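All remarks here apply to the structure that follows.
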């Protein structure tokens, strides 16, 4: 079983420091969270050094030459370690953290939002332009004006915990397409009157509460207040996405094989979900009990 002292010893051999601040800055997680991640992965052949290499890759997204020199491994071994470790994390923790049925039932919205259980949003990650000109168009996002991969993130309305992550999708896909695919792939059946909460990108989606829009403005004060209330509650999913994308590999343009990107995104989402156990995102839903 992994323990904090062994982790700190291994980290200090590489980074010449046992500081918790330096540890968090380089790996993006605390020592305790690394131990939590590593413990069930040992039986899958994941070592402390493997975890350090992988988390450093996710957080810093270094140039490969820099990483090879830091960890004293070959390029082939470096990429093999990262892919194996990310797959192990996703396979072990994914079903635990993204069991949307169990978490969906645990959400208890109240007041105006008593029929709204989840908040949804889409996020995009930049990738390098594909070499094949025939597929460049399908990865091109008209919104970002870049080639991207898109993911659908679902959170509880009551505490902001991540319920599910769905993707990747090609950059040209609309947010509604992602949501409808989520409904179909996960066989999601809402009870009569139940709703999900989304932003203006989900206008037109069935069973979705979205902001009111009018051509050329024309919103009344009631409509404006309504949109502000929805926005203040929907922010929980934006905060969750911000936690996921604190890792450099998702903020920078992805330079590696595109097939590895989903493992990186899901790994970062799992880490964010685990962090939310102790520090859930702020939710505004309880401010509107009387609406």
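In full-length UniProt numbering, the protein residues as written are 1 to 291. Where is the CB? At the ideal position from N, CA and C, for every residue including glycine. As the structure is a computational prediction, the values presented were derived from the model and not from experiment.
Item: Please return the same chain residues whose Cβ sits closer than 6 Å to the Cβ of residue 195, not counting the five positions on each side in sequence.; Value: 115, 116, 207, 209
Item: Suppose contacts are defined by Cβ-Cβ distances below 9 Å. Is residue 202 in contact with residue 171 by that definition?; Value: no
Item: Would you mind sorting residue 145 into buried or exposed? The rule is 16 or more other CB atoms within 10 Å of its CB.; Value: exposed
Item: Taking the C-alpha atoms as reference points, what is the distance between residue 286 and residue 225?; Value: Confidence at residue 286 is low in this model, with a pLDDT of 49, below 50, so the placement of that residue should be treated as unreliable; the coordinate-derived value is given next. Computed Cα separation, rounded: 16 Å.
Item: Residue 246 and residue 272 - do their beta-carbons sit closer together than 9 Å?; Value: yes
Item: Using the Cβ count rule (16 or more neighbours within 10 Å means buried), how would you classify residue 28?; Value: buried
Item: Under 8 Å Cβ to Cβ from residue 90, same chain only, skipping five residues before and after it: list those, please.; Value: 263, 266, 267, 270
Item: In terms of alpha-carbon separation, which member of 147, 75, 150, 40 lies closest to residue 53?; Value: 75
Item: Hey, residue 156 and residue 233: beta-carbon distance below 9 Å or not?; Value: no
Item: Could you pull out every residue in the same chain whose Cβ sits closer than 8 Å to the Cβ of residue 39, ignoring the five residues on either side in sequence?; Value: 1, 2
Item: Just to confirm the assignment, what range does the alpha helix (DSSP H) spanning residue 55 have?; Value: 48 to 60
Item: In three-state terms, what does DSSP make of residue 198?; Value: coil
Item: Which residues bound the alpha helix (DSSP H) around residue 6?; Value: 4 to 15
Item: Can you say whether residue 131 is buried or exposed, counting buried as having 16 or more other CB atoms within 10 angstroms of its CB?; Value: exposed
Item: Please report how far the alpha carbon of residue 69 lies from the alpha carbon of residue 191, in whole angstroms.; Value: 56 Å
Item: Note down the Cα distance separating residue 259 from residue 220, rounded to an integer number of angstroms.; Value: 47 Å
Item: Provide the residue span of the beta strand (DSSP E) that contains residue 170, from first to last.; Value: 162 to 170
Item: Among the residues of its own chain, which have a CB less than 7 Å from the CB of residue 248, if the five just before and after it don't count?; Value: 59, 60, 61
Item: Have a look at residue 19 and residue 9 and give me their C-alpha separation to the nearest angstrom.; Value: 11 Å
Item: May I ask which residues mark the beginning and end of the alpha helix (DSSP H) holding residue 177?; Value: 175 to 185
Item: Let me know the alpha helix (DSSP H) ranges lying completely inside the stretch 66 to 131, each 4 residues or longer, listed in chain order.; Value: 75 to 97, 100 to 106
Item: What are the boundary residues of the alpha helix (DSSP H) that residue 227 is part of?; Value: 221 to 244
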